[in-house]
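Here's the structure we're looking at; comments come further down.
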Amino acid sequence: AKQANMRAKLRTDMAYYAIHHPAVLRAALRQAPEAVKPALLRAIAVSEANYEKALEALD
């Protein structure tokens with residue numbers, strides 16, 4: 009039961025980060041110089057893909 013609770017908390021935390029971190033990057037994107045925007049777009053895509061994989065692994 010304790011391990012299940014820890015796994016559930018980890019899943020909850022990861023779900024929060026999966027939303028929060030890309031949102032922070034998108035906010036930075038709005039203010040970034042044009043030269044930086046392609047790198048931020050790649051970072052957002054990688055972040056979202058990796059969080060998705062992590063969340064799937066926790067299901």
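Quick note: the sequence shown uses this note's numbering, first residue 9, plus one each step. For each residue, glycine too, the CB sits at the ideal point set by N, CA and C. Quick caveat: nothing in here was measured; it's all calculated off a predicted structure.
Helix, strand or coil for residue i per DSSP?
{"i": "E42", "result": "coil"}
{"i": "A35", "result": "helix"}
{"i": "D67", "result": "coil"}
{"i": "A9", "result": "coil"}
Check this for me: beta carbons of residue i and residue j, under 7 Å apart or not?
{"i": "A31", "j": "Y59", "result": "no"}
{"i": "A57", "j": "L48", "result": "no"}
Cutting at 7 Å between CB atoms, please list the residues of its own chain near residue i, excluding the five before and the five after it.
{"i": "M22", "result": "Y59, A62, L63, L66"}
{"i": "S55", "result": "H29, P30, L33"}
{"i": "A51", "result": "L33"}
For residue i, which residues in the same chain have their Cβ closer than 8 Å to its Cβ, ignoring the five residues on either side in sequence?
{"i": "L37", "result": "K45, L48, L49, I52"}
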